[in-house]
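Worksheet for the structure shown next.
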Amino acid sequence: MGNSKMIQVEDKVPFQLLVPLSIQHMFAMFGASVLVPFIFGISPAIVLFMNGVGTLIFIVVTKGQAPAYLGSSFAFLAPAGIVISEMGYEYALGGFVAVGACGCLLSFIIYKCGTDWIDIVLPPAAMGPVVALIGLELSGSAANNAGLLDEVSDRNNVIVFAVTIGVAVFGNILFRGFLSVIPILLAVIAGYVAALCCGILDFSQVSSASWFALPNFQTPKFDVGAIVMILPVLLVITSEHIGHQVVTSKIVGRDLLKAPGLHRSLFGDNFSTMVSGLIGSVPTTTYGENIGVMAVTKVYSVRVIAGAAVLSIICSFVGKLAMLIQTIPGPVIGGISFLLYGMIGASGIRILVDSQVDYGRSRNLMLTSIVFVTGLSGIAVKFGNIHLTGMVLACVVAMILSLIFYILDKLNLTNDREK
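Note that the sequence shown ends on residue 1640 in the numbering used here; no numbers are left out.
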């Protein structure tokens, strides 16, 4: 099997290949996914459990036509952090349930109205840079995880980072046969071995962990104030979801907004968030790291995603195994993320190329320029407790500007509208 060989969404994967590919996907999302529960002060085990369950829910809702792994959402950090500090985590869970329920309602509205409006409010000249920003704005996070942004970089961190990204990059080009589809997994293993040789691993928590442990389930409490504070995040996660579906569509060569449909994928995403809040976990979202894995390996099989979900659920009950995975050091996660985030950015550029965006038209040049500058400039807009910045703010600006252009076209006021 060469690198040009693709494993499509519906393809069956032999068991001996399914296991390592599933592990590869789980490792790719693990570092970023467990960071959210650490920030919220809860056990990662419940999050691993819900990520797996949420992914399986998503696969069922989308009829196995959309390859996506659901991990912890970062969009809720700011408002949920305020609710947790003032009222407690249970009331934040109530907000998560409310957002998920409203997102499900939104999916029904989209089902009735269709998706043609996306081409109006997010034409390719805007969608391309918005998708690129999904990866580009996370590049600093990858470098930070690797310890490369410290005032004085630790030599061991640099070595582990270099080994990890080196195996991922050159393995993707040089590996053949079976190894050609698991370069990310091999890079993680190589980075882990390098970290062990450099003496930066700590196994004390692994030895003290029990073999079997139940995730810490909790029930939500509801407060109108807490819900109102968290609810506007729905705009953020909807924009993020559309971007992820568009870039995944480009990678797998199918329009996922049409089949299984944006209404199905959005419902699956938000229903998972609602269930997550009901059992005590954090909100879920389709994950950029796994989109990057698919772009690198050309393996799009939903069965592989489902296998990763099952492994995540198993890890949530095996205390030592979950703790062992948590010992993966930052330079390894950073090295993998460095590549995967860049692949997402390149996928955004690919949208511009595949759509043959004509930059001789003033509007296209204006849209792409404004979106990139807005997303990368660090500008932040606040509405109460809502904080819009980066890709989300750029997406909102792109939608407003595109809608204005559309209205001006209808009024015959523009000088570059298509004949």
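Cβ atoms here follow ideal geometry from the backbone N, Cα and C, with glycine treated the same way. Because the structure is a prediction, the values reported are computed rather than measured.
Beta carbon of residue i nearer than 9 Å to that of residue j
| i | j | result |
| --- | --- | --- |
| residue 1570 | residue 1353 | yes |
| residue 1611 | residue 1459 | no |
| residue 1600 | residue 1622 | no |
| residue 1539 | residue 1239 | no |
| residue 1504 | residue 1604 | no |
| residue 1497 | residue 1317 | yes |
| residue 1328 | residue 1487 | yes |
| residue 1312 | residue 1423 | no |
| residue 1566 | residue 1357 | yes |
DSSP state of residue i mapped onto helix, strand, coil
| i | result |
| --- | --- |
| residue 1317 | helix |
| residue 1292 | strand |
| residue 1298 | helix |
| residue 1559 | helix |
| residue 1438 | coil |
| residue 1236 | helix |
| residue 1443 | coil |
| residue 1424 | coil |
| residue 1340 | helix |
In DSSP terms, what residue i is bridged to
| i | result |
| --- | --- |
| residue 1478 | For residue 1478, which the question treats as bridged, DSSP gives no partner whatsoever. |
| residue 1520 | 1228 |
| residue 1610 | 1601 |
| residue 1433 | 1539 |
Segment limits, alpha helix (DSSP H) that includes residue i
| i | result |
| --- | --- |
| residue 1602 | Segment 1601-1604 is the beta strand (DSSP E) holding residue 1602; no alpha helix (DSSP H) there. |
| residue 1473 | 1454-1473 |
| residue 1528 | 1523-1538 |
| residue 1589 | 1583-1597 |
| residue 1286 | Looking at the DSSP string, residue 1286 is not in any alpha helix (DSSP H), and its letter there is neither H nor E. |
| residue 1716 | Only positions 1222 to 1640 of the chain appear in the structure, and residue 1716 is not among them; the question remains open. |
| residue 1578 | Segment: none, residue 1578 is in no alpha helix (DSSP H) and carries neither H nor E. |
| residue 1495 | 1483-1500 |
| residue 1362 | 1360-1366 |
| residue 1356 | 1345-1357 |
| residue 1371 | Note, residue 1371: premise wrong, no alpha helix (DSSP H); not H, not E. |
| residue 1412 | 1404-1419 |
Closer than 8 Å: residue i CB and nearest the ligand HEM heavy atom
| i | result |
| --- | --- |
| residue 1233 | Annotation note on the ligand HEM: not contained in the displayed structure, which lists no ligands. |
Residue nearest to residue i in terms of C-alpha spacing, selected from the options
| i | options | result |
| --- | --- | --- |
| residue 1419 | 1552, 1391, 1544, 1496 | 1552 |
| residue 1344 | 1523, 1529, 1626 | 1626 |
| residue 1417 | 1285, 1616, 1548, 1525 | 1548 |
| residue 1529 | 1304, 1408, 1290, 1281 | 1290 |
| residue 1233 | 1523, 1558, 1532 | 1523 |
| residue 1617 | 1257, 1375, 1629, 1602 | 1602 |
| residue 1472 | 1428, 1517, 1454 | 1517 |
| residue 1572 | 1470, 1278, 1322 | 1470 |
| residue 1227 | 1502, 1295, 1403 | 1403 |
| residue 1642 | 1309, 1544, 1631 | The structure shown does not extend to residue 1642, since the chain is modelled only from 1222 through 1640, so no value can be given for it. |
| residue 1279 | 1484, 1597, 1379 | 1484 |
| residue 1310 | 1448, 1508, 1541 | 1448 |
| residue 1587 | 1562, 1620, 1229, 1609 | 1620 |
For residue i, the first and last residue of its enclosing beta strand (DSSP E)
| i | result |
| --- | --- |
| residue 1505 | 1505-1507 |
Any chain B beta carbon closer than 9 Å to residue i
| i | result |
| --- | --- |
| residue 1505 | Note that chain B does not occur in the displayed structure, where there is just one protein chain. |
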